[in-house]
Every structure is written in structure tokens, then in C-alpha cells.
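Going down the list, the protein sequences come from chains A and B.
Numbered according to the numbering used here, the first sequence spans residues 46 to 231.
Numbered according to the numbering used here, the second sequence spans residues 46 to 231.
Heads up, the beta-carbon is just placed ideally off N, CA and C, and yes, glycines get one too.
Small disclaimer: the values here were computed from a predicted structure and weren't measured.
Take a look at the structure below.
There are 2 protein chains.
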Amino acid sequence: MKVKLGVSNRHVHLSMDDYKILFGDVALEKERDLVQPGQFASKQKVALKTAKNIISNVRVLGPFRPYTQVEISKTDSFTLGINPPVRSSGDLEESAEITIVGPNGEITKKCCIIPTRHIHINKEEREKYGLVSVEKVKVKINSEKKTILEDVYINESPNFVLELHLDTDDGNASLAKTGDEVEIII
Amino acid sequence: MKVKLGVSNRHVHLSMDDYKILFGDVALEKERDLVQPGQFASKQKVALKTAKNIISNVRVLGPFRPYTQVEISKTDSFTLGINPPVRSSGDLEESAEITIVGPNGEITKKCCIIPTRHIHINKEEREKYGLVSVEKVKVKINSEKKTILEDVYINESPNFVLELHLDTDDGNASLAKTGDEVEIII
């Protein structure tokens, strides 16, 4: 089984309330659609700030979510001097505190995670590929630095399309990039 | 078989001639010994410069070598906008051009690589572990993001001690860090 890869750079999901604090009356504008239906990269950017450092030009993804969530890599976590847990999207309990800085204001909250390796899939594709009772799989990257990534979680939703999401650490370590077709090992 | 891991951040090896261009009459001073006998982290730092960007505070390792070599990660290569090959130490043919900036001057040359995953070993240890005719092995990292790293090259020299070297991309992707004991799969 092969799946198309998307490497996710650090990014931010915002609740509408938090967005208003950060951006005021500026609308959230679409820059381009992402592979997952309805999801988009916006034109809006924030900075991520900690006591140790700041990372600028971090993209806000849309649409708004019920919760605000910052997703960074382990490499970013060393830059910022924080220790976020590896988590699935939305699982923010005991996540790391971070300050998000926008042009209109800033917010500080425990909302920063390192995202798990995961595969977006819908029910039909999950049945087709025999993954109904499978919680996680492995992914084999064939490159000059061949790598098998374990602990890749299956993330099912009716409006998802089949796509593997890795963060930039996994992508760069294995020399894999967005658009690559990679092998799933069940 | 278990081996101790050292995660190597970006660093520079210098020839004595290139060192003099960069640092003038300042001596190369030891900051601390590395695990491999005779190798040390110096107090001296340089910047790495390209048309796109600059990375500061990059450590010079000692002692001097017959050749100047810059070792960075794939993540660094995106920051700098260059495309260095994955190479063993000393194999600099068609490596990427980079400018090294010191307090006394700068040099620009084709000397930048992404280092291969490799294991330092001496002849006795290689025989002991049954690796005499083995060119490369796999490494299993047991963490929250379990990972099998293939293409890990065996690098034998009489004065080496057993140690696995990974770059920061491999270390951060698999949540492995210097000092971890990791499993070798032959």
C-alpha cells in the first residue's frame, strides 16, 4: 500500500476568539487550499515566543477550530527551550505553554504539541486497505537515508482523503518531501 | 548489540591554512573532549553564509584536518538554501559551496555535506560484534516515535571507540539524544 506524503512545517490553528485578540478586525484570508478538504493555509502569520527565543513567520491554518493549537517539531522545541509532548491534534492536556504574537495582540496558553505521525483516511479507504481494526502502522521511506517510521496513527474522518502527515524532523531525517509516494507497512 | 549514541549538531572541521584565514593568530583552544580519542570541541565558532541566509555560532572541532569540511543537517540546508549531498567524512567531491565566516576573514569553497549515519568502531570491537564483513547496519530507536534508521555505515579506525553518530534531524525525528543506548540490527 502506497500513500502520498505531506510534510507539515510548524503552524498554528486558532479559535475565533484567539484570532480576534491576535489580528483584531483583519479577516482570515485563504492563501491556498491544503489536501484535506476545507483546510487551507491562510495569508496570516504569527510569531511563537518563549523566554528563550522567538520564531517568526509561522503560518495560521484555517478554518477556525474550537481550540487554539500550536504544532512544532522537536528541533523547534530546542530553539524555543520548551518540551511539548507528542500528541494527536486536539489532545492538549499538559501541552507546553507558549506565547503567540500577532499584529494586534498576544496570547499565552498551554497549547503547544509535537504532532504524532498520522494518516488521514476516510471509512471507505480504511475498509479498502484492510485498516479497520488497525490503530497504527509503519511507513517505509526509500531514500539515501532509508528509514522506517513506526507509531504512525490512523486518523479517520468522513471528509478526510488519504494522506500521510509527517513533521519536518521526520521529513528531513529521511529525506522525504511533500508529494512523495511512500510505503505503508501494516 | 547496543551502542551509545552521540547526536552531532552542525559543525566545522578546518585545515590549518583555512583556520589561519578565519582566525588569524588566535590559537585553537579546547573547550571539551569528545568521545572519540583526540577529538575535541573548540572554543572557536564561525558563521555559515549563503546567498539566502546565515547561521551563526557554529562550533569548530579540533584537531586540524588535511581538509576543511562543513557538516549540516537537511533542516539547515533548507535554512541556507543549498543542497549538500549525504556523504561520509572526507568525501567532498561535488559537495555544496558555502562561505565560512570567522572573526579574521572568510573562505568560500565546496566543502559542505550532510553526514551519513555512521558507527565509529575499532578492529577488535568489529570482530567481537561480528561486523567484519558488514558495511552497514540498521539502528532501532525505542521512543514515543519509534524509528528504524537504515544505511548506518561502519567506520573503522584503530583509535576509534564504539559510538553511533547521528545528525540532529535523525536525533530529533526519533526523539533520541546523546548518551542513549540504542539497538543495532545487523
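Can you grab the Cα-Cα spacing for the pair residue i / residue j, in whole Å?
i	j	result
Lys173/B	Asp63/A	60 Å
Val206/A	Ser53/A	16 Å
Lys222/A	Leu176/A	24 Å
Ile117/A	Asp212/A	8 Å
Ser101/A	Pro148/A	12 Å
Asp121/B	Cys156/B	15 Å
Ile143/A	Thr124/A	13 Å
Ile193/A	Pro203/A	28 Å
Ala92/A	Gly83/B	43 Å
Asp214/A	Asp70/A	35 Å
Ser87/B	Arg171/B	30 Å
Arg77/A	Glu169/A	27 Å
Gly51/B	His210/B	5 Å
Ile152/B	His56/B	15 Å
Phe85/A	Val103/A	14 Å
Glu195/B	Val182/B	6 Å
Val105/A	Ser188/B	30 Å
Ser178/B	Ile231/B	11 Å
Leu73/B	Glu74/A	53 Å
Gly107/B	Gly224/B	21 Å
Val184/B	Val184/A	16 Å
Phe109/A	Lys65/B	56 Å
Asn167/B	Asn167/A	52 Å
Leu79/A	Glu180/A	25 Å
Asn128/B	Asn128/A	30 Å
Lys49/B	Lys49/A	35 Å
Which same chain residues end up closer than 8 Å to residue i when comparing Cβ atoms and leaving out the 5 residues on each side of it in sequence?
i	result
Lys47/B	Glu226, Val227, Glu228, Ile229
Pro130/A	Glu139, Ser140, Ala141, Ile158, Ile159
Pro111/A	Ser60
Asp136/B	Ile158
Gln81/B	His165, Asn204, Phe205, Val206, Glu208
Ser133/B	Pro160, Thr161, His163, Tyr198, Asn200
Ala218/A	Lys190, Thr192
Thr113/A	Val57, His58, Leu59, Ser60, Asp63, Ile145, Ile152, Lys154, Cys156
Leu220/A	Ile186, Ser188, Glu189, Lys190
Output, in chain order, the set of chain A residues within a Cβ distance shorter than 8 Å of residue i.
i	result
Gln79/B	Sequence inspection shows Leu at residue 79/B; the Gln mentioned does not correspond to that position. Within 8 Å Cβ-Cβ: nothing; Leu79/B doesn't reach chain A, min ~20 Å.
Leu220/B	Lys119, Val131
For a contact defined as C-beta to C-beta under 8 Å, what are the partners of residue i on chain B?
i	result
Ser118/A	Asn217
Using a C-beta to C-beta distance shorter than 7 Å, which residues of chain B count as neighbours of residue i?
i	result
Asp214/A	Asp214, Asn217, Ala218
Only counting the same chain, and skipping five residues up and downstream in sequence, which positions put a Cβ closer than 6 Å to that of residue i?
i	result
Gly126/B	Thr95, Lys97
Ile99/A	Ala92
For residue i, verify whether its CB is less than 8 Å away from any heavy atom of the ligand PLP.
i	result
Glu142/A	Because no ligand of any kind appears in the structure shown, any question about the ligand PLP cannot be addressed here.
Less than 7 Å between C-beta atoms, sequence neighbours within five positions excluded: which residues of the same chain meet that for residue i?
i	result
Phe251/B	Summary: the structure shown does not reach residue 251/B, with chain B confined to residues 46 through 231, and so no result is reported for it.
Val115/A	Val57, Leu93, Ile143, Ile145, Cys156, Cys157
Lys119/A	Ile159, Asp214
Gly216/B	Val52, Lys222
- Message: Residues of the region 177-211 of chain A in Cβ contact with chain B at a cutoff of 8 Å, in chain order, please.
- Response: Glu189, Lys190, Lys191, Thr192, Ile193, Leu194, Glu195, Asp196
- Message: At a CB distance below 9 Å, what residues from the region 147-172 of chain A approach chain B? Give them in sequence order.
- Response: Ile159, Thr161, Arg162
- Complete beta strand (DSSP E) runs within the region 48-134 of chain B (minimum length 3 residues, chain order): 56-58, 75-78, 85-94, 99-107, 114-116
- Message: Quick check on the DSSP output: what are the complete beta strand (DSSP E) runs of length 3 or more inside the region 129-180 of chain A, in order along the chain?
- Response: 141-146, 151-160, 163-166
- Message: Please give me, in chain order, every unbroken run of the alpha helix (DSSP H) with length at least 4 that falls completely inside the region 183-227 of chain B.
- Response: 213-218
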